[in-house]
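At position 17 of the sequence shown (counting the first as 1) the number is 17 in full-length UniProt numbering, and the numbers step up by one without a gap. Backbone N, C-alpha and C fix where the C-beta goes; we use that ideal spot for every residue, glycine too. None of these values were measured; they are calculated from a predicted model. Here's the structure we're looking at; comments come further down.
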Amino acid sequence: MTSQKPFRWSSFSQPKKGHSLAEYEDSAAADLSVCRFAIADGASESSYSGEWANKLTFGFIENSLLQAPNGWADWLPPLQKLWANSVPASPENISWFAEEKLHDGAFATFLGLEFTLLPNERTYQAIAVGDSCLFHVRDDKLVKAFPLQAASEFSSRPALLSSKPRSAGKTPMEKRLLANFLPGDIFYLMTDALACWFLTELESGKKPWLDLNDIRSLPTPEMFFETWVTTQRESAALKNDDITLLVIDALE
């Protein structure tokens with residue numbers, strides 16, 4: 001956990017059941033000095049999607065997409081070049097199918113969050129492509145759910161960002177949010193499997209953030225998060241997928 005006013009953040013991750021951390025294809029990044037946070041979920045059916053997810057999250061931390069003069073046209077191409085330079089052009093001993101997938105590039109969902117603190121106002125902006133979600137909680141109540149508001153909105157074909165510049169000039173299917181926040185508010189960023197669980201619990205009248213807060217309060221939260229994820233998967237409450245959770249507390 002990293003702590004520095006005006007925010008405190010913590011992150012948790014778990015790979016799919018039966019997979020190692022080396023096969024984990026999500027990513028989370030945070031930088032308190034610029035008040036930026038991001039998560040991404042690499043699509044398993046594409047090649048080197050974990051590397052692409054990393055390029056997106058750390059790219060947002062280093063250079064704000066929300067402040068780029070020409071938006072995606074400025075921000076995305078450098079990251080696509082970084083990804084292309086980081087993967088083998090023609091790996092040895094791979095099938096034609098795997099080589100074709102590599103040629104198609106990698107895909108990922110993405111969510112970026114940036115806070116602005118002014119003398120008389122505190123605001124945040126979020127931008128999302130796909131089904132990685134943000135939940136804003138205040139005084140034990142959900143204030144915002146973004147970009148999805150219901151568990152039924154999840155599908156097997158979310159909008160994705162491509163590592164290939166084949167769609168030059170075409171704007172990704174983004175959603176944006178601008179809102180105010182207060183000291184004491186909590187922001188939960190999570191990739192799709194956990195976000196679907198969160199909304200399902202909410203729709204059944206529960207407060208899913210309480211489970212997550214209980215885990216965060218424990219002496220070894222990462223270990224208990226792993227146990228909790230296993231339990232939820234065994235009960236079929238949580239889909240077997242990579243899990244990423246990034247929590248930001250707005251301090252007094």
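Where residue i falls, given that 16 or more other Cβ within 10 Å makes a residue buried
i, result
"Thr-230", "exposed"
"His-103", "exposed"
"Leu-251", "exposed"
"Ala-22", "exposed"
"Thr-220", "exposed"
Straight-line gap, residue i to residue j (C-alpha atoms, nearest Å)
i, j, result
"Val-87", "Arg-138", "42 Å"
"Ala-30", "Thr-57", "8 Å"
"Tyr-48", "Pro-119", "43 Å"
"Phe-181", "Gly-205", "24 Å"
"Glu-190", "Ile-39", "Note that residue 190 corresponds to Met in the displayed sequence, not to Glu. If you take the alpha carbons of Met-190 and Ile-39, they lie about 7 Å apart."
"Pro-183", "Trp-209", "17 Å"
"Cys-196", "Asp-74", "32 Å"
"Thr-227", "Ala-237", "14 Å"
"Pro-69", "Leu-111", "19 Å"
"Ala-179", "Leu-218", "31 Å"
Run of the beta strand (DSSP E) containing residue i, from where it starts to where it stops
i, result
"Leu-113", "107-118"
"Val-137", "133-138"
"Asp-26", "26-31"
"Met-190", "186-190"
"Thr-244", "243-250"
"Val-143", "141-146"
"Phe-181", "Element bounds for Phe-181: n/a, residue is neither H nor E."
Closest by C-alpha distance to residue i, when choosing among the options
i, options, result
"Thr-244", "Phe-7, Lys-5 and Glu-25", "Glu-25"
"Gly-82", "Asn-54, Glu-153 and Lys-239", "One point to set straight first is that residue 82 is Leu, not Gly, in the sequence displayed. The shortest Cα separation from Leu-82 among Asn-54, Glu-153 and Lys-239 belongs to Asn-54."
"Leu-199", "Leu-251, Pro-219, Asp-214 and Leu-134", "Leu-134"
"Arg-216", "Pro-78, Lys-239 and Asp-249", "Asp-249"
"Pro-165", "Gly-59, Gln-80, Gly-18 and Glu-62", "Gln-80"
"Ile-186", "Glu-51, Leu-194 and Asn-213", "Asn-213"
Spatial neighbours of residue i in its chain, beta-carbon cut-off 7 Å, leaving aside the 5 residues before and after
i, result
"Leu-246", "Trp-9, Ser-11, Ala-28, Ala-30, Phe-37, Ile-39 and Leu-189"
"Ala-151", "Cys-196, Leu-199, Thr-200 and Glu-203"
Residue i: first and last residue of the uninterrupted alpha helix (DSSP H) it sits in
i, result
"Asp-122", "Checking the displayed sequence, the identity of residue 122 turns out to be Arg instead of Asp. It is not in any alpha helix (DSSP H) - Arg-122 instead sits in the beta strand (DSSP E) that spans 121-129."
"Ala-53", "49-62"
Same chain only: Cβ atoms within 6 Å of residue i, ignoring 5 sequence neighbours per side
i, result
"Ala-145", "Phe-135"
"Ser-46", "Ala-106 and Phe-107"
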